[in-house]
Structure formats: C-alpha cells, structure tokens
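Counting in numbering that gives the first Met the number 0, the sequence shown runs from 0 upward without gaps. Beta carbons: idealized from backbone N, C-alpha and C, even for Gly. Single-structure report; data block below.
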Amino acid sequence: MSDSAFIPEYPTGGDELRHSRSSIIVQTRIRQSIWKIAFATLLLMAVGSATRVMNAGLACPDWPLCYGQLVPTQQMNLQVFLEWFHRLDAALIGFSTLFLAGSSWWFRHQLPRWTPWAATFALSLILVQGALGAFTVTELLRFDIVTAHLGTALLFFTTLLSIGTLLLPSSQAPAPPRPQAPKPPTLPSPLLPLTAAVFVYLQSILGGLVGSRWALHQCFGNSELCTVMNSHIIGVVPATLSCIAVIFTIWRNQNSPEFARKLAAIVGGLLVAQILLGTATFKLHLQVETLTVAHQSIGAMLLGSLVVLTSLLWRSHSVSDSQPNNANLVN
Ligand code: HEM
Numbered sequence: 000m001s002d003s004a005f006i007p008e009y010p011t012g013g014d015e016l017r018h019s020r021s022s023i024i025v026q027t028r029i030r031q032s033i034w035k036i037a038f039a040t041l042l043l044m045a046v047g048s049a050t051r052v053m054n055a056g057l058a059c060p061d062w063p064l065c066y067g068q069l070v071p072t073q074q075m076n077l078q079v080f081l082e083w084f085h086r087l088d089a090a091l092i093g094f095s096t097l098f099l100a101g102s103s104w105w106f107r108h109q110l111p112r113w114t115p116w117a118a119t120f121a122l123s124l125i126l127v128q129g130a131l132g133a134f135t136v137t138e139l140l141r142f143d144i145v146t147a148h149l150g151t152a153l154l155f156f157t158t159l160l161s162i163g164t165l166l167l168p169s170s171q172a173p174a175p176p177r178p179q180a181p182k183p184p185t186l187p188s189p190l191l192p193l194t195a196a197v198f199v200y201l202q203s204i205l206g207g208l209v210g211s212r213w214a215l216h217q218c219f220g221n222s223e224l225c226t227v228m229n230s231h232i233i234g235v236v237p238a239t240l241s242c243i244a245v246i247f248t249i250w251r252n253q254n255s256p257e258f259a260r261k262l263a264a265i266v267g268g269l270l271v272a273q274i275l276l277g278t279a280t281f282k283l284h285l286q287v288e289t290l291t292v293a294h295q296s297i298g299a300m301l302l303g304s305l306v307v308l309t310s311l312l313w314r315s316h317s318v319s320d321s322q323p324n325n326a327n328l329v330n
C-alpha cells in the first residue's frame, strides 16, 4: 500500500472537482457507518460481558434462534433478554459490515485503494466471530472458545477504528504542531502506542481467560487456577508501563500534535480507571456485576484509544514523509 493513498489530491479541472466532491461524500458516509458499527460493537462487548458475569450465556439454549423463535416473548427474563439482545446486536453488526464491505467495493474508485480490502478483512472477522458465537453455545461455554470470542471481537473493533481514523479528512485530522517547535520537527513514533496496544490486547485476552474459567472464584475457593489469575495481575505491568511510556513521550515531545496530547491524556485517564475497576472487581469477588462490565468496556476503550493514536501518528508520518518542504504538517 502506497503512502500517497492517504494524501488528498487537489482537483485541477471540472471532472476532477466533481470526482473529488463525490469522493468526499462517499468517504464521509463510509466513515459515519464505521463509527456506528464500532459503537454497536463496544455495546455488544459490554452486553457479552454482562451475559457471562450474570450466568446468562446459555439462557437461549439453541442457536441462532432463541427457544426456536425470533423474539422469545414467553421465556423473556433478564438473562434471556441479555443473550437475545447480544444476538440481535451481533446480527445488526454482521449485516452492517456486509453492507460496508459491499459499498467499499462498489465505490472503490472514490476511496483509498486499501479500503475495500480492509472492509473485507473486517467482514471475515465477523464470519469467524459468528462461528465462535455458535460454538460458544453448542460447546457449552468452553473457556477457550469464550476467550477467542472476546479476542476476535476486540480485533474487529480495532480494525473498524483504524479504518475510520485513516479515512478522516485532512481537515478533521490533527491540527499542526505548535509554531514554536524547534526545527527539524520530529513527530512521536507510532511504534510506541502500537506496542502499548499489543500489550493491552494481550492483557485483555488474559482477562478473558480469567473470566471464562471463573479463575477468581476458583483461586479464592479451592486455590485452583491461581496461575491464570496471577498472570492477569502480572500482565498489568507491561500494559501499564507501555501506556505510561506513550503518555510521557508524547507530552515531552514539543512537536507532538494537539490530537496526540489529547489522546495521551485519554489513555492516562482510562488506564487509571481500568486499574481501579480491576482492583475493585478483584476485592469484591465479582459481586458487583456492573464493575466487571465496566472493567471490560473501559479495557476496550483503552485499546481503542491506543489504536486511534497509532493510526493518526502513522498517517501524520506518511503525510510529512511525502511533503519534504512541509515536514510534520498535516493540513
Ligand atoms: C491494563 C489493565 C487491564 C486490562 C486491559 C484488563 C482487561 C480485562 C478484560 C478485557 C477482562 C475480561 C472481562 C470480561 O470478559 O468480561 C478482565 C477480567 C478481569 N480482570 Fe482485568 N484488566 C486490567 C487490569 C486488572 C487489574 C489491575 C485487576 C486487579 C486484580 C484486574 C482484575 C480482573 C478480574 C478479577 C477479571 C475477571 C472478571 C470476571 O471473572 O468476570 N484486571 N480484565
């Protein structure tokens, strides 16, 4: 994929102007639908966490229908509702992603070259996710399937965020760095937030293992699976240190664009909230379900913020590399 795929081309004639306008409209529509699907995915993961922590994973005994019906009105209670709503939201996300991939191919001439491929990758993740969702039920919540289900959901969520961020128009993209920045300006590297995102992702998978094996209860109750619980506690160290390195590097670099500073602050806030929520979940032995659900959701938001930061920094580097006379400017 060439860097120029992200650089706006300025129209010179009437046809090009029309093409550029329709490009902007198509990109805006695609981007808006991506944000909606990403939000629905965040909600889906929260509902999935609530479903598990409230023991509602098998509240609908069959798949894909629930008690053989589209809406199981007679059996409806909180647990059935959670599992049923989880499937409804998943189906909506599935169809929206199919539509997204289809329209990305249809309008491929108005979009950066990589867009239809990235949308197709997102669609393939949804297919894997659907299969894992079905196995979760048929294999009676086998822990490795439940964990893989969370891992794929997070991968799908971050793929959407990357596509949406890279499709941001230059005007909505980060403001240029401060004018007093010394020359030659160097942007913070996207590699550091990418590393932090990988650590947070792995930490989330460990968290998924703790949840799906009920390792906290097992460890406190019969001193079993304490290794699983402890690995999640030890995993806090690389995830936290890499996030702190991101925040520190961005805040110390005078050339850091405003968007990077804001995102670094968000990463810091989410990290603190995540550690506090994890500690509370641990100390209260999962008795407050909302805390566990919030722990899952904030973890996904932390991962998402790091992925958005990585994508924006990567794009800024691509633009500045291709504009030698305008180094570091993202216009
Ligand atoms: C960067 C830091 C952290 C991240 C990204 C993270 C992420 C996660 C995720 C994604 C889950 C799965 C939730 C679910 O499936 O519903 C989880 C579970 C869990 N986490 Fe963390 N976590 C972090 C820090 C902590 C800390 C500091 C503790 C405190 C000991 C903790 C304790 C737990 C516990 C007890 C569970 C299991 C909850 C259950 O069984 O439902 N986490 N974590």
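Of the other Cβ atoms in all chains shown, fewer than 16 fall within 10 Å of the Cβ of T289; this residue is therefore exposed.
Membership of G67 in any alpha helix (DSSP H) is not indicated, and neither H nor E is assigned to it by DSSP.
For the 7 Å CB-CB criterion, T135 and V145 form a contact. Annotation for W213: no alpha helix (DSSP H) segment contains it, and DSSP assigns it neither H nor E. In the DSSP assignment, M228 falls within the alpha helix (DSSP H) that extends over 225-251. In terms of side-chain proximity, the C-beta atom of G150 is found no nearer than 6 Å to any non-hydrogen atom of the ligand HEM. Going by DSSP, L154 is part of the alpha helix (DSSP H) stretching over 142-165. Distance from the CA atom of R86 to the CA atom of W250, rounded to whole angstroms, is 42 Å. In this structure, A118 lies near A100, with their beta-carbon atoms less than 7 Å apart. Under the three-state reduction of DSSP output, E138 falls in the coil class, being neither helix nor strand.
Of all alpha-carbon atoms in H108, L131, I162, L81, the one lying nearest the alpha-carbon of F120 is that of I162.
In the DSSP assignment, F258 falls within the alpha helix (DSSP H) that extends over 257-282.
According to the DSSP assignment, T185 belongs to no alpha helix (DSSP H), since it is labelled neither H nor E. Here R141 is exposed: its Cβ has fewer than 16 other Cβ atoms, across all protein chains shown, within 10 Å.
A residue is called buried once 16 or more other Cβ atoms fall within 10 Å of its Cβ, and A89 is buried on that count.
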